Ligand code: FAD
Ligand code: UDP
């Protein structure tokens with residue numbers, strides 16, 4: 013059957029779906045979204061595992077933003093709940109308050125302290141640079157060598173397989189440093205989570221488009237291109253830009269990941285409370301602040317592991333943030349992996365030479381009138397969810413009025 017659309021959108025993540033929604037509902041266009049996975053939502057997808065626990069299968073997704081507009085836009089599709097985004101670091105056989113704050117300083121010196129004492133300590137320990145040019149200097153200039161070595165160097169090496177010296181300052185600057193006792197992971201004005209899960213948000217967004225939007229799953233866009241009975245005027249590509257161009261300048265570097273899931277029944281969790289269960293040879297402490305959702309395995313949603321004897325970087329226990337009332341729990345260990353074409357390109361690499369290679373693809377993309385590239389992979393940017401939503405909204409706003417009118 014012959015089908016004709018105004019837009020073909022490749023990828024059903026935040027960027028593809030938001031662009032499609034605006035085009036359908038604001039401009040009355042017909043869009044086909046094709047997604048090679050078996051679900052919508054891209055990496056922000058959440059789902060129930062085989063034990064009924066709501067998890068984030070592609071790594072933890074903590075929604076935060078400073079933008080009223082972006083939050084307002086997404087609020088059409090979801091209610092929100094507060095985002096209890098707390099992270100601790102596990103090293104030297106103990107948990108450390110993180111990001112670095114007054115509690116961390118107190119743990120470090122072994123007694124209560126004041127903000128003034130911490131500020132004086134930082135002043136004495138941090139290194140001054142004329143201009144900060146990489147992530148090592150970014151951390152040294154904020155907290156000095158001891159905490160750089162304790163919290164950042166090892167984690168960054170595991171995560172990126174690059175020294176912090178080889179990464180843009182922005183990578184480690186994502187992590188705040190505070191001299192008060194605020195131990196939230198982020199500084200953003202809004203730190204929230206979709207109340208009924210990301211999957212509900214995405215389903216509502218698709219529903220809002222009515223029959224102007226068609227979504228096809230388990231389908232690579234190359235199959236659509238090969239199918240002459242499907243036609244469109246303009247393509248919006250949110251997959252990896254180097255894949256679109258068949259890697260003609262060579263593949264862009266990415267970091268990939270492997271996720272390992274472990275479920276704990278309520279009985280097993282009680283075993284942990286008794287100190288009888290082991291995690292890679294270490295006994296995690298029971299959570300001293302049980303959330304209302306019941307027993308948990310670790311003290312907060314995320315624990316980071318900077319030490320090199322463990323090959324994973326973090327463990328995530330979503331139950332702390334979803335507040336799901338369920339007896340058991342699931343933790344997900346995240347193992348960074350080398351990337352090669354064919355694996356999932358989870359992280360674009362924020363480094364100068366990667367950016368230069370991307371620039372060649374970007375110039376090539378600039379030559380095309382009938383394809384636009386947006387999103388984290390389409391523009392090769394280490395962007396958060398709110399940033400790609402903002403990018404998709406702006407993209408549609410700025411789309412050539414001629415194109416919008418005449419399609
Ligand atoms: P994606 O979500 O990657 O969607 C692109 C889609 O295109 C994918 O579904 C893919 O399958 C599809 N696709 C690719 N190629 C093809 C093809 N050939 N044919 C058809 N479909 C194709 N952001 C936050 O704000 N907070 C967080 O806490 C956070 N944590 C993160 C943790 C991890 C481990 C990762 C990797 C990212 C995290 N992010 C977080 C970033 C967040 O995932 C992204 O900003 C956002 O999901 C990007 O949306 P997108 O639509 O641009 O890309
Ligand atoms: N980082 C670190 N130690 C930590 C947490 C983060 O060295 O305990 C560094 C690391 O380089 C990481 C970056 O800070 O890639 C950004 O951390 P974030 O938690 O924001 O990473 P993401 O959630 O994007 O993977």
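Numbering (my numbering), first residue to last: 13 to 419.
For glycine and all other residues, C-beta sits at the position ideal for the given N, C-alpha and C.
Remember, it's a predicted structure, so these values are computed and weren't measured experimentally.
With a cutoff of 7 Å on beta-carbon distance, residue 407 and residue 31 are scored as near each other. If you check the C-beta of residue 21 against ligand 1, you find no heavy atom less than 6 Å away. DSSP places residue 83 in the uninterrupted alpha helix (DSSP H) bounded by 80-86. Following the DSSP letters along the chain, one finds residue 217 inside the alpha helix (DSSP H) bounded by residues 210-220. Of the candidates 145, 122, 194, the residue whose Cα lies closest to the Cα of residue 185 is 145. The beta carbon of residue 251 sits closer than 6 Å to those of 22, 23, 389, all from its chain and outside the five residues before and after it, given in chain order. With respect to the 7 Å criterion, residue 213 and residue 341 are not classified as neighbours on the basis of their beta carbons. Burial is judged here by how many other beta carbons sit within 10 angstroms of a residue's own beta carbon; residue 247 has at least 16 and is buried. Annotation: residue 72 to residue 343 spans about 11 Å, alpha carbon to alpha carbon.
Under the three-state reduction of DSSP, residue 203 is assigned to strand. When DSSP states are grouped into helix, strand and coil, residue 329 belongs to the coil group. For residue 316, there is no enclosing alpha helix (DSSP H); the enclosing beta strand (DSSP E) covers residues 314-316.
For residue 229, there is no enclosing beta strand (DSSP E), since its DSSP letter is neither H nor E.
When C-alpha distances from residue 265 are compared across 369, 226, 312, the shortest belongs to 369. Ranked by Cα distance from residue 269, the options 170, 62, 38 are led by 170. Relative to the non-hydrogen atoms of ligand 2, the Cβ of residue 168 comes within a distance shorter than 6 Å of at least one. For residue 223 against residue 373, the beta-carbon gap comes to about 35 Å, at or over 8 Å, which does not count as contact. Remark: fewer than three beta-carbon pairs, one from each stretch, lie closer than 8 Å, so the region 85-103 and the region 223-234 are not flagged as touching. DSSP, reduced to helix, strand and coil, places residue 241 outside both helices and strands of the structure shown, so it counts as coil. Relative to ligand 2, residue 400 has its C-beta separated by 6 Å or more from all heavy atoms. One thing to note: residue 325 has its Cβ within 7 Å of the Cβ of residue 348. In this structure, DSSP gives residue 373 a helical state, which the three-state scheme calls helix. For the pair residue 231 and residue 46, the CB atoms are nearer than the 7 Å cut-off. Scanning its chain for C-beta atoms nearer than 6 Å, with the 5 sequence neighbours on each side dropped, one finds around residue 274 the residues 343, in chain order. Ranked by Cα distance from residue 19, the first of 143, 176, 44, 13 is 44. Note on residue 364: under 16 other CB atoms within 10 angstroms of its CB, so exposed under the neighbour-count rule. By the Cβ criterion, the region 166-180 is not in contact with the region 129-136, since fewer than three pairs of Cβ atoms, one from each stretch, lie closer than 8 Å.
Selection 241, 108, 201 evaluated against residue 162 yields 108 as nearest (Cα-Cα). Under the criterion of beta carbons closer than 8 Å, residue 205 and residue 95 qualify as touching, at roughly 5 Å. DSSP lists 204 as the bridge partner or partners of residue 75. Within the chosen limit of 6 Å, ligand 2 does not reach the beta carbon of residue 215 with any heavy atom. For the pair residue 33 and residue 221, the CB atoms are nearer than the 7 Å cut-off.
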